[in-house]
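The structure appears right after this line, and notes come after that.
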Amino acid sequence: SYNYTYFSGNNDKVLEIEFKEVFNKIKFFIENGEKKYNFETQLDETKSNYNLEESERYNFILNKIIEEEKLYLYKDEEKFIVNAEEIAIKNLAIFSTINFEEMDFYVFYVNYLSKKEYEDKRVLVGFNDIDGKEVTVSRLKDDINEIRDSKSTFI
6 SYNYTYFSGN NDKVLEIEFK EVFNKIKFFI ENGEKKYNFE TQLDETKSNY
56 NLEESERYNF ILNKIIEEEK LYLYKDEEKF IVNAEEIAIK NLAIFSTINF
106 EEMDFYVFYV NYLSKKEYED KRVLVGFNDI DGKEVTVSRL KDDINEIRDS
156 KSTFI
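Under my numbering, the first residue of the sequence shown carries the number 6, and numbering increases by one thereafter.
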């Protein structure tokens, strides 16, 4: 509600201001709806990635780690759990009780993959609350190196 006398009878100006206000509200509503839709679509895609068959999920996770240069690590005395994708770790209910640590891939490589003391440690990769591919740290390192080498191009 505007003070119409302020505009000295200039109805066009009043209508223009009201139109802009309504337009901006509609634009805001559409943009927020789009963001929510995009987020939900991305979350659905992430859920489906974590429901892939174990070896497909394993390859997906390793490629994501290499692409994003970070991973999510959970450690206990028996095993490590390695996952990828921030949206999954922060938004999927299956991960809400697991205390993952976000870690730079190269820090992980130096501190875990390259240490002899961890070579035989069990790692669950792509764990989805049901299963994950279980490998040793040594095997994980070999598989990561193989993927990295296959992506490298030498001219």
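Cβ coordinates follow ideal geometry from the N, Cα and C atoms, glycine included.
Between the C-alpha atoms of Tyr79 and Asp147 there is a straight-line separation of about 20 Å. In terms of Cβ geometry, Lys126 and Val142 form a close pair [threshold 8 Å]. Take the alpha-carbon of Glu90 and the one of Asn16: they are about 54 Å apart. About 19 Å separates the Cβ atoms of Lys156 and Ser60, ruling out a contact at the 8 Å cut-off. Along the segment 38–104, the beta strand (DSSP E) occurs as fully enclosed runs of 3 or more residues at 75–80 and 84–88, listed in sequence order.
Taking the Cα positions, Ile22 is about 10 Å away from Phe28. Residue pairing for Arg127: DSSP places it in a beta bridge opposite Lys84 and Thr141.
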